[in-house]
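One structure is given below, encoded as structure tokens.
In our numbering, the protein residues as written are 11 to 435.
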């Protein structure tokens, strides 16, 4: 409904529908969590944060109808070009309100605090809604309303900066998490930041390309995390998610390790996996359009490789650090076969917009009014790849034998601890 709508009102109905599904999913085990109320509190947090964003979308729709007399996409865009001049305060206000809606639904600064707690829901549906569908609704909204954003360059700059800052901040926080699913939750926030930044830079094809590739490898990672939790349960660790209690699962769960590694490498953006091509398109657009945003995203890409390398080391390498980890068993074939299929998608989804071929770009070309596609930048791609290898290498050097024991907190970990206190109390 959200995607097929031809007007803002019907889009809003679908927008609220996915929000309702998210709330019900997060609160599914409402009587579990710390103190027996943590999951219910997580559902309320998601509900409130999304209502703040929804207020922005509603106000934008009211202003559009007041100024243009319609909510039909076709009529809104036609009349907006005739009514508003570039940079006019009214169109800037409308697009800023749309941005508020995006920050709520797609978990961007300042309304991203709900998404890490959203992982309280069942893992399979979390992989679908909170990694691939609901949270990307904001990206779709910006692509759908691109002609309005084109009339408000001030808002486009704000969108790019919000996306870049969110990508870096979430990558930093992910590097200090100990819960296997919360690492992936903050990773999702960070990757959504890449997409939002791309939309702010006018690179809508790159944003949607990364949306597709991210859906493949993040669903793979979430479901693989579920496989890890299931394997640990076989060893007696009920619902164990603390990575400090894992380790050594490479030998106990070889298939899960292999597909998890594929997902991690794709997320880090290493060639020839899908994430390499989509991430490079966003970095190339940032390099051409906005240097500060480019450096924010480049640092976020380094952080991505670091926290995924850290997670691989803590979960799969070294020796088992608990009895459940030492007795864990591989998940049944019914669970591992879908993971293998997703691993293939995470490997080959980059073909959707392969440099020099660009099938996705040509398909979206008539819909997305953006500048000519940038040529593939080998120097930039090489730099990003080297940074990813450096980030992963540093994580391996520090965590290959498990979490460092009896060491003071690093500056990174102190920042994460401070941030968690600030956002979660």
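All C-beta atoms, glycine included, are put in the ideal place defined by N, C-alpha and C.
Below 8 Å on the Cβ atoms is my guess for residue i versus residue j; work out the distance and round it to an integer in Å.
i           : j           : result
residue 94  : residue 161 : 5 Å
residue 443 : residue 62  : No statement about residue 443 is possible, as the shown extent of the chain runs from 11 to 435 and does not include it.
residue 198 : residue 288 : Residue 198 to residue 288, Cβ: 15 Å. No contact.
residue 232 : residue 136 : 6 Å
residue 440 : residue 236 : The structure shown does not extend to residue 440, since the chain is modelled only from 11 through 435, so no value can be given for it.
residue 168 : residue 352 : Not confirmed; about 35 Å, so no contact.
residue 129 : residue 188 : 13 Å between Cβ atoms; not a contact.
residue 227 : residue 356 : 4 Å
residue 251 : residue 190 : 5 Å
residue 360 : residue 283 : 7 Å
For residue i, list the residues DSSP reports as bridge partners.
i           : result
residue 17  : 82
residue 252 : 189
Mind checking residue i: buried by the 16 CB within 10 Å criterion, or exposed?
i           : result
residue 47  : exposed
residue 248 : exposed
residue 11  : exposed
residue 419 : Interpretation of residue 419 is limited by its pLDDT of 47, a score under 50 that renders its predicted location unreliable; the figure taken from the coordinates is listed afterwards. Residue 419 should be labelled exposed.
residue 261 : exposed
residue 343 : exposed
residue 7   : No information on residue 7 is available, as it lies outside the stretch 11 to 435 that the chain covers here.
residue 398 : buried
residue 16  : exposed
residue 434 : Since pLDDT at residue 434 reaches only 45, below the 50 mark, its modelled position is unreliable, and the value read off the structure follows with that caveat. Classification of residue 434: exposed, given that the 10 Å Cβ count is below 16.
residue 358 : exposed
residue 256 : buried
residue 72  : exposed
residue 25  : buried
residue 85  : exposed
residue 92  : exposed
residue 238 : buried
residue 202 : buried
residue 21  : buried
residue 489 : Given a span of 11 to 435 for the chain in the structure shown, any question on residue 489 remains unanswerable.
residue 403 : exposed
residue 428 : Below a pLDDT of 50, predicted positions are generally treated as unreliable, and residue 428, at 49, falls in that range; no measurement from the model is reported.
residue 154 : buried
By the DSSP assignment, the alpha helix (DSSP H) with residue i in it spans what residues?
i           : result
residue 127 : Taken as a continuous stretch (DSSP letters only), residue 127 belongs to no alpha helix (DSSP H), as it is neither H nor E.
residue 297 : 284–299
residue 164 : 163–184
residue 237 : 214–244
residue 345 : 343–358
residue 99  : 99–115
residue 160 : 156–160
residue 266 : 264–278
residue 281 : No alpha helix (DSSP H) contains residue 281, which DSSP labels as neither H nor E.
residue 334 : 333–337
residue 393 : 388–409
Determine whether the beta carbon atoms of residue i and residue j lie at a separation below 7 Å.
i           : j           : result
residue 390 : residue 307 : no
residue 319 : residue 258 : no
residue 170 : residue 200 : no
residue 173 : residue 210 : yes
residue 276 : residue 285 : yes
residue 204 : residue 177 : yes
residue 221 : residue 146 : yes
residue 89  : residue 78  : yes
residue 339 : residue 240 : no
residue 324 : residue 270 : no
residue 165 : residue 105 : yes
residue 315 : residue 401 : yes
residue 142 : residue 225 : yes
residue 52  : residue 36  : yes
residue 121 : residue 66  : no
residue 334 : residue 242 : yes
residue 346 : residue 272 : no
residue 394 : residue 301 : no
residue 207 : residue 119 : no
residue 50  : residue 124 : no
residue 149 : residue 70  : no
residue 267 : residue 326 : yes
residue 81  : residue 75  : yes
residue 139 : residue 32  : yes
Confirm the yes/no value for this check: CB of residue i, any heavy atom of the ligand ADP, distance under 6 Å.
i           : result
residue 166 : Absence of the ligand ADP from the depicted structure is noted, as is the absence of any ligand whatsoever, leaving it without description.
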